[in-house]
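Per the numbering used here, the sequence shown runs over residues 17 to 101. No residue lacks a Cβ here, since even glycine has one placed at the ideal position from N, Cα and C. To start, the structure under review is shown below, and the notes come after it.
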Amino acid sequence: MNLSDRSLTALHRSWGRFKFGLVLFIIGATLLITVSHFHAAIYYLSLIILFVGFVIAMSGYLTILWQRLKGMNPANKRKDYDPFK
Numbered sequence: 017m018n019l020s021d022r023s024l025t026a027l028h029r030s031w032g033r034f035k036f037g038l039v040l041f042i043i044g045a046t047l048l049i050t051v052s053h054f055h056a057a058i059y060y061l062s063l064i065i066l067f068v069g070f071v072i073a074m075s076g077y078l079t080i081l082w083q084r085l086k087g088m089n090p091a092n093k094r095k096d097y098d099p100f101k
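Right, dumping it as structure tokens:
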């Protein structure tokens, strides 16, 4: 698998985005389960944190998935193929 430095950097950033979103999601879920019953503002704040974390994590995950699927493209493997050799 021959990946350029640019795609490796994008893949690394995507993993960072995925992990950051996952941490936000866990914080939001923890707030929602533990302290959201004290006040309505805390409830809505925890929901916002939960959904923002979900969106960030899924955008990172979809970028990782796109990079993996792009690496499996059979057209990339046939670039150096010459049928007349």
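Through-space distance from Leu66 to Phe54, alpha-carbon basis: Near 18 Å, if we compare the C-alpha coordinates of Leu66 and Phe54.
May I have the straight-line CA-CA distance separating Ala26 from Ile43, to the nearest angstrom? Distance between the alpha carbons of Ala26 and Ile43: 26 Å.
Counting only the same chain and skipping the five closest in sequence on each side, list residues whose C-beta sits under 6 Å from that of Ser75. Cβ neighbours of Ser75 beyond the five flanking positions: none.
Anyone know if the C-beta pair for Phe34 and Tyr77 falls short of 9 Å? Yes, they are a contact pair.
For my contact list, Leu47 and Ser62 are in at a C-beta cut-off of 8 Å; report their separation, rounded to the angstrom. The pair is a contact, with the Cβ atoms about 4 Å apart (cut-off 8 Å).
Is Leu24 near Gly69, with beta carbons less than 9 Å apart? In this structure, Leu24 sits away from Gly69, with a CB-CB distance that is not shorter than 9 Å.
Measure from the alpha carbon of His28 to the alpha carbon of each residue in Arg84, Asn89 and Ala45, then state which is nearest. Measuring from the Cα of His28, the nearest candidate turns out to be Arg84.
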